[in-house]
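**Student:** Per the numbering used here, the sequence shown starts with residue -17, numbered consecutively.
Heads up, the beta-carbon is just placed ideally off N, CA and C, and yes, glycines get one too.
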Amino acid sequence: MLSSLKDIQGLPLNDSQQMFNLKCAEANFYSSVTGNKLSDQIPVNAHYWWSNVRQCVRFRDATVSIQQHDAPTVFLELSPHLVLATSIGECYQSISSQPLILPTLKRKENEQITLLTSLAQLTTSSHVWQQYFQTRDILPIIDNEQLYDDFPLYTFDLSSCWYELKDSVMTRLANRIPIHPLLGVRQLTGQTSATWKSLLNINLPQYAYLKEHKIQDTILFPAVAYLELVTAAYRQLFLSSDNKQSSTVLKQIKFMKPLGLSEHELIEVFTQIVIPVREWFVYSRPWTSAGSDCMHSSGMASVDVVDSFIDPETLNQYSLREFTLHAHGYIEMGDVQQKLTTLLSTFPTYNAWSTSDVTSIYTHLSTRGYQYGPSFQNIQSLCGTTSTVIAQIHTNIDAIINLSSYHLLHPSLLDSFMQLPLTLLPGADTTFIPVSIHKFIAMSKVNTSHSNVELRGKYHDAMFSLSQE
């Protein structure tokens, strides 16, 4: 190896034309061979490199010389790995100040991240900026103070910055359809089936009413809310040009598993309509399973969108691992003229019993395991026979948030539709939850400006009629 160094002359260049950069040529060169600063009169020739290989490395002497002459505050090590940081730190133990020691590369770590991180740390030093400005051609034109005045005078916020995510792009660039409070945003990431996603946080004001839908001390997502989800999704897909909405018919509705809600966990709800087979699904998953490497304190990140929702089979496979299927059914599409079966004319004109005691009504339901809160206690009076019942419903519509966004009645009001038959069921200690609905017909968007609703039901055939006063 030494023989290969014999032709190195190491003499300083006198011709400035041969120098690749005049400013770089002015850099100070400290040698661990001599332990001092090298002048232009000392050639870095074959003998110098022979000494570098054979003699003691005078690293500490060279570092002390750097302290005495330049007093640097930052060391940038140009090497495949950071190996001199500990030695430089030990050399500075005798003085009060400690320099910033940065790497350019680290073994087995991302090169770009390492280099950019070091560059970012360099920019926090005023000495580095001062040196930068002194080596720029703009210095004679613009005064230093003027340059520094352009920088913020306050401390930089070191918290994570928000960057536009996939969900944000979908919200911003999607068709300008008002976002439904429960349905959420349609996912435009390659799904062949129309899919919407919403994030339920029952601690937020618009979802706080859901905390009052408790059955056997568990907060459950109302079954009627699934009907609202599918109706809203269907009408987003098939909104006519004149904004007139035809009837929506949902049939063979199956409630597979109740969706439990918690104040301590966020839940994502996915609504999917498979147009070719006219089938719909409602899934959920805990928001934490969507990805733990989010760089923001709230909202949804790009990792929350599962790009593998490309067909129903894949979605069903996913549901076995982290998704839960809660409800599914079918939609009758096309210009369907429905003949509603009404109970208005079939009800008897006499009443075997009646009550206007709201407290007793919901006390009776509470004994059966239905701990409805004030938002879901909307039945004002009941009357009927042993197999039929008529209920008068009233609610304070002014207290409902985003009322006009719902296509059916608000879930807190529509849930009375499910509460009504519970008053007819025999027994006093059995809790029932809905498992299926044969057919649900919504003729048009309900006029939610009415606060009074009449419900009629029969126990034996499980058919109900809905009308407004």
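Looking at the structure shown, is Leu406 part of a helix, part of a strand, or coil, going by DSSP?
**Tutor:** DSSP places Leu406 in coil when its eight states are reduced to three.
**Student:** Could you give the distance in angstroms between the alpha-carbon of Leu84 and the alpha-carbon of Val65?
**Tutor:** The alpha-carbon atoms of Leu84 and Val65 are separated by roughly 11 Å.
**Student:** By Cβ distance below 6 Å, which residues in the same chain neighbour Ala373 in space, the five residues on each side in sequence not counted?
**Tutor:** Cβ neighbours of Ala373 beyond the five flanking positions: Ile361, Leu364, Leu402 and Leu437.
**Student:** Do you know whose CA, among Arg168, Pro416, Asn384 and Leu391, lies nearest Pro187's CA?
**Tutor:** Out of Arg168, Pro416, Asn384 and Leu391, Asn384 has the C-alpha closest to the C-alpha of Pro187.
**Student:** Among His308, Arg260 and Gly242, which one has its Cα closest to the Cα of Lys236?
**Tutor:** It is His308.
**Student:** Just the Cα atoms here: how many angstroms apart are Ser100 and Tyr136?
**Tutor:** Their backbone Cα atoms lie some 22 Å apart in a straight line.
**Student:** From Gln(-1) to Gln103, what does the alpha carbon distance come to, in whole angstroms?
**Tutor:** Distance between the alpha carbons of Gln(-1) and Gln103 is about 35 Å.
**Student:** Which residue wins for smallest C-alpha separation from Ile375, given the options Arg168, Ser387, Thr345 and His392?
**Tutor:** The shortest C-alpha separation from Ile375 is found at His392.
**Student:** Using three-state DSSP, classify Ile255 as helix, strand or coil.
**Tutor:** Three-state DSSP puts Ile255 in a strand.
**Student:** So is Ala272 buried or exposed if we call it buried at 16+ other beta carbons inside 10 Å?
**Tutor:** Reliability fails at Ala272, whose pLDDT of 44 lies under 50, so the model's placement of it is uncertain and no value is given.
**Student:** According to DSSP, is Glu8 helix, strand or coil?
**Tutor:** Note: Glu8 maps to coil in three-state DSSP.
**Student:** If we call anything under 8 Å between Cβ atoms a contact, is Gly242 one with Leu202?
**Tutor:** Yes, they are a contact pair.
**Student:** What is the DSSP secondary structure of Phe399, reduced to helix, strand or coil?
**Tutor:** In the structure shown, Phe399 sits in a helix (DSSP, three-state: H, G or I).
**Student:** In whole angstroms, what is the alpha-carbon distance linking Asp199 and Phe138?
**Tutor:** In a straight line, the C-alpha of Asp199 is about 47 Å away from that of Phe138.
**Student:** Excluding the 5 residues preceding and the 5 following Leu390 in the sequence, name in chain order all residues of the same chain whose CB lies nearer than 8 Å to its CB.
**Tutor:** Here the set comprises Val206, Leu209, Glu210, Thr213, Leu396, Ala424 and Val428.
**Student:** If I follow the unbroken alpha helix (DSSP H) through Cys38, where does it start and stop?
**Tutor:** It is not in any alpha helix (DSSP H) - Cys38 carries neither H nor E in the DSSP assignment.
**Student:** Look at the Cβ atom of Gly351, then the Cβ atom of Ile197, and state whether they are nearer than 8 Å.
**Tutor:** Yes, they are a contact pair.
**Student:** Name the one or two DSSP bridge partners that Ile361 has.
**Tutor:** DSSP, once it has assigned bridges, lists Ile375 as partnering Ile361.
**Student:** Among Pro258, Glu247, Ile257 and Pro240, which residue has its Cα nearest to the Cα of Leu265?
**Tutor:** The sequence given here places Tyr at residue 265; Leu does not occur at that position. The shortest Cα separation from Tyr265 among Pro258, Glu247, Ile257 and Pro240 belongs to Pro240.
**Student:** How is Pro187 classed by DSSP in three states: helix, strand or coil?
**Tutor:** In the structure shown, Pro187 sits in a helix (DSSP, three-state: H, G or I).
**Student:** DSSP puts Leu82 in a beta bridge; with which residues?
**Tutor:** For Leu82, which the question treats as bridged, DSSP gives the partners Val56.
**Student:** Residues bridged to Ser386 by DSSP?
**Tutor:** Its beta-bridge partners do not exist; DSSP assigns none.
**Student:** Do you know how far the Cα of Ser47 is from the Cα of Arg40?
**Tutor:** Near 11 Å, if we compare the C-alpha coordinates of Ser47 and Arg40.
**Student:** Short of 6 Å in beta carbon distance, which residues of its chain neighbour Ala334, apart from the five on each side in sequence? Order them along the chain.
**Tutor:** Answer for Ala334: Thr367, listed in chain order.
**Student:** Rounded to whole angstroms, what's the CA-CA distance from Thr96 to Glu194? Just pull it up for me.
**Tutor:** Cα-Cα distance, rounded: 52 Å.
**Student:** So is Thr377 buried or exposed if we call it buried at 16+ other beta carbons inside 10 Å?
**Tutor:** Counting Cβ neighbours within 10 Å, Thr377 comes out buried, since at least 16 surround it.
**Student:** Applying the criterion that 16 or more other CB atoms from any shown protein chain within 10 Å of the CB defines a buried residue, is Glu250 buried or exposed?
**Tutor:** So Glu250 ends up on the buried side.
**Student:** Inspect the beta-carbon positions of Leu58 and Thr86 and report whether they are closer than 8 Å.
**Tutor:** Contact: yes.
**Student:** Does Leu307 have its Cβ less than 8 Å from a Cβ in chain D?
**Tutor:** This model lacks chain D altogether, as it is built from one protein chain only.
**Student:** I'd like to confirm the pairing. Which residues does DSSP put opposite Leu20 in its beta bridges?
**Tutor:** Answer by DSSP bridge pairing, in chain order: Phe11.
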